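Structure first, commentary second.
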């Protein structure tokens, strides 16, 4: 079975442009997570969804960031307008369970975003 | 105090030795604990998880949990150069019955021949 799929794998854009990152979770998984990883701040949870419903968006840095999950097999993370400090690797992860203690998460390959 | 703390390393061990990676957490109500391995330029991959006090073994890996002391560790036996990576500790805080994980900053492990 395919793992978590993310696109694009690399994105280079200029400051002020809109950026849209895409994620397809593992089929049958009910939770989806968006993370950002930088050397300075490590792996940070931005937002997560259970059964397509946003549960916790407290990690979203500011209003420039938004995320949607219109159905169980697709999610987007949008940055508008983008800024150089948004440069990072963005990971999407999915989990088969929405609660419980053995809620392991499986990560996609990530999108490396560079904002010039 | 960070919620999940790890020594950033690098932890350098010779090939064939036991590597010991440690993690402490601040929320005493945390329920389950995960170890991920991340190679440079790659995504985190799950090694194992533990939720009961004591040891849990999986091949060359052993996770140890001590809830009273609020620490979890990962032992890698017979370390190989291919084990050289950053190891991330993640904690499920368990609040509200939801399933988010809080990650530590990771410990970089270097296994030298």
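Chains as they are written, first to last, in my numbering: chain Y, 58 to 173; chain E, 16 to 128.
Just so you know, even glycine gets a beta-carbon here, dropped at the ideal spot from N, CA and C.
This one's a predicted model, so the numbers in the text were calculated from it and none came from an experiment.
What is the C-beta distance between residue i and residue j, in whole angstroms, given that I count them as a contact (C-beta under 8 Å)?
i: residue 20 of chain E; j: residue 109 of chain E; result: Rounded, the Cβ-Cβ distance is 18 Å, inconsistent with contact.
i: residue 171 of chain Y; j: residue 63 of chain Y; result: Residue 171 of chain Y to residue 63 of chain Y, Cβ: 16 Å. No contact.
i: residue 252 of chain Y; j: residue 80 of chain Y; result: Absent from the structure is residue 252 of chain Y, since the part of chain Y shown begins at 58 and ends at 173.
i: residue 47 of chain E; j: residue 158 of chain Y; result: 4 Å
i: residue 37 of chain E; j: residue 86 of chain E; result: 6 Å
i: residue 136 of chain Y; j: residue 122 of chain Y; result: 6 Å
i: residue 115 of chain Y; j: residue 114 of chain E; result: Their Cβ separation, rounded to whole angstroms, is 15 Å, which puts residue 115 of chain Y and residue 114 of chain E out of contact at 8 Å.
Is the separation between the beta-carbon of residue i and that of residue j shorter than 8 Å?
i: residue 43 of chain E; j: residue 102 of chain E; result: no
i: residue 88 of chain E; j: residue 35 of chain E; result: yes
i: residue 116 of chain E; j: residue 106 of chain E; result: yes
i: residue 29 of chain E; j: residue 123 of chain E; result: no
i: residue 117 of chain Y; j: residue 104 of chain Y; result: yes
i: residue 94 of chain Y; j: residue 145 of chain Y; result: yes
i: residue 78 of chain E; j: residue 50 of chain E; result: yes
i: residue 84 of chain Y; j: residue 154 of chain Y; result: no
i: residue 166 of chain Y; j: residue 58 of chain E; result: yes
i: residue 80 of chain E; j: residue 69 of chain E; result: yes
i: residue 139 of chain Y; j: residue 72 of chain Y; result: yes
i: residue 65 of chain E; j: residue 76 of chain E; result: no
i: residue 90 of chain Y; j: residue 102 of chain Y; result: yes
i: residue 54 of chain E; j: residue 100 of chain E; result: yes
i: residue 173 of chain Y; j: residue 76 of chain Y; result: no
When you compare the CB of residue i with every CB in chain Y, is at least one pair closer than 8 Å?
i: residue 15 of chain E; result: Because chain E in this structure spans residues 16 to 128, residue 15 of chain E falls outside the shown range and cannot be described.
i: residue 80 of chain E; result: no
i: residue 66 of chain E; result: yes
i: residue 108 of chain E; result: no
i: residue 114 of chain E; result: yes
i: residue 35 of chain E; result: no
i: residue 85 of chain E; result: no
i: residue 76 of chain E; result: no
i: residue 59 of chain E; result: yes
i: residue 124 of chain E; result: no
i: residue 47 of chain E; result: yes
i: residue 103 of chain E; result: yes
If you measure from the beta carbon of residue i to each beta carbon in chain E, is any gap under 8 Å?
i: residue 166 of chain Y; result: yes
i: residue 158 of chain Y; result: yes
i: residue 105 of chain Y; result: yes
i: residue 3 of chain Y; result: It is not possible to answer for residue 3 of chain Y, since the shown part of chain Y is limited to 58 through 173.
i: residue 68 of chain Y; result: no
i: residue 114 of chain Y; result: no
i: residue 99 of chain Y; result: yes
i: residue 102 of chain Y; result: yes
i: residue 122 of chain Y; result: no
i: residue 88 of chain Y; result: yes
i: residue 163 of chain Y; result: yes
i: residue 131 of chain Y; result: no
At 3 residues or longer, and completely inside the region 33-112 of chain E: list those beta strand (DSSP E) runs for me, N to C. List check, beta strand (DSSP E) in window: 34-40, 47-53, 60-65, 69-73, 76-81, 86-91, 100-107.
Minimum length 3: unbroken beta strand (DSSP E) runs contained in the region 121-172 of chain Y: Fully enclosed beta strand (DSSP E) runs of 3 or longer: 122-128, 131-136, 145-152, 168-172.
Are at least three pairs of beta-carbons, each pair with one atom in the region 125-138 of chain Y and one in the region 159-166 of chain Y, less than 8 Å apart? Short answer: they don't touch.
My parser needs the beta strand (DSSP E) runs of 3 or more residues fully inside the region 65-123 of chain Y; what are they? List check, beta strand (DSSP E) in window: 67-70, 76-81, 88-95, 99-107, 110-113.
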